[in-house]
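Taking this note's numbering, the leading residue of the sequence shown gets 28, the next gets one more, and so forth. For every residue, glycine included, the Cβ atom is placed at its ideal position computed from N, Cα and C. Here is the structure we will look at, set down as structure tokens.
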Amino acid sequence: MTSADDCWTDHRLIRSIMSIRLMRKRRMQKRQSRPKLNIDLLGDTTYQQQLQDALSAALPKQYPEDTEKHWGTLSTAIMNSCKNILGQKKRRHQDWYDENDTEIQQLIDIKRQTFITWQNNIHCKVKRAAHAKAKAAVQTQVRKLKNQWWTKKALEIQQLADSGDTRVFFDATRAVYGPSYRRLTPLRSKDGFLLLKDKDAIANRWKEHYKDLLNRDTIPEMEALDQLPQQPIVESMGEPPSLGEVLDAINLLRTARPVPGG
């Protein structure tokens with residue numbers, strides 16, 4: 028048997044039929060915040076009366092004996108009445124999209140209409156080109172409106188900063204970026220077993236920590252103190268200044284140049 032007659036020396040080919048489906052990458056969903064009621068309207072007596080009337084009509088005359096069912100009925104009636112009368116609180120910070128909503132919506136409607144027309148005759152190159160043109164117009168105009176809004180807002184805030192009115196300046200800044208929220212960072216108790224989340228408990232824990240840190244009883248080593256170089260005592264520095272020295276110090280303060288930003 029020659030080497031050419033040896034079996035399994037060639038490559039073996041396996042043929043198979045496979046069905047592979049690639050999973051789409053999931054987009055990160057924005058965390059939905061709990062909607063808040065517009066309680067600012069309660070400062071108006073008209074809304075107060077409307078809410079009282081709505082609660083009087085929504086609250087049942089009799090409640091179930093079970094505590095959970097009682098609370099569920101009461102909370103549902105109160106929440107529904109508040110939503111109908113007060114409504115949800117709108118976003119506090121300004122946005123470029125909201126202020127140009129009408130113009131942007133018109134562009135989107137035109138793009139949607141050209142898309143529907145193209146889909147009804149998908150092989151028509153003219154309608155496809157019209158849809159592409161409308162789509163490009165939406166992108167271009169939206170970028171233009173966004174840049175104009177931010178440029179205008181930046182100029183307004185800069186003028187407030189130049190005028191020195193810090194209160195109005197920070198109000199305008201918060202109107203754009205929204206208020207900042209400081210979250211409490213939980214701390215461990217001194218023994219390390221309890222996690223403190225309450226504001227007062229966290230404050231007391233920091234107080235306890237710095238009290239132990241800054242009030243430690245230490246015994247200095249006399250050998251280390253003896254090794255420190257000693258300077259001769261200048262007795263004159265402990266004497267009160269003379270009248271001439273005080274006047275010279277005051278004159279130096281008057282002629283000193285102001286520090287920038289001071």
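The DSSP assignment places complete alpha helix (DSSP H) segments of no fewer than 4 residues inside the segment 145-206 at 152-190, 193-204, in order along the chain.
In the pairwise beta carbon analysis, the segment 158-169 is classified as not touching the segment 182-202: fewer than three pairs are separated by under 8 Å. According to the DSSP assignment, Y90 belongs to no alpha helix (DSSP H), since it is labelled neither H nor E. Under a 10 Å Cβ-count criterion, W145 is classified as buried, with 16 or more other Cβ atoms of the shown protein chains found around its own Cβ. As DSSP reads the structure, R215 sits in a beta bridge with L222. Of the candidates D189, A199, R194, the residue whose Cα lies closest to the Cα of W177 is A199. When C-alpha distances from L211 are compared across F196, A228, F197, the shortest belongs to A228. For Q115, the secondary structure class from DSSP, reduced to helix, strand or coil, is strand.
Scanning its chain for C-beta atoms nearer than 8 Å, with the 5 sequence neighbours on each side dropped, one finds around C151 the residues W145, in chain order. Linking K180 to G191 through their CA atoms gives a straight-line distance of about 17 Å.
Under DSSP, L64 forms a beta bridge with Q115. The C-beta distance from I105 to L82 rounds to 7 Å, short enough to meet the 8 Å contact threshold. Inter-residue distance for L214 and R243 is about 22 Å (C-alpha atoms, whole angstroms). Taking the Cβ atoms as the reference, K138 lies roughly 6 Å from K162, within the contact range of under 8 Å. Take the alpha-carbon of Q115 and the one of D71: they are about 16 Å apart. Judged by beta-carbon spacing, K110 lies beyond the 9 Å limit of T141, meaning their Cβ atoms are not closer than that value. For A85 against N107, the beta-carbon gap comes to about 6 Å, under 8 Å, which counts as contact. Inter-residue distance for R201 and Q75 is about 29 Å (C-alpha atoms, whole angstroms). Closest by C-alpha distance to Q79, out of S216, V195, L113, is L113. With respect to the C-alpha of S216, the residue from V203, N231, Y204 having the closest C-alpha is N231. About 6 Å separates the beta carbon of T100 from that of Y90, a gap short enough to meet the 8 Å contact definition.
DSSP places E262 in the helix class (H, G or I) of the three-state scheme. One Cα belongs to W233, the other to A164, and the distance between them is close to 58 Å. In this structure, N127 sits away from L69, with a CB-CB distance that is not shorter than 9 Å. L134 sits buried, since 16 or more C-beta atoms from the chains shown fall within 10 Å of its C-beta.
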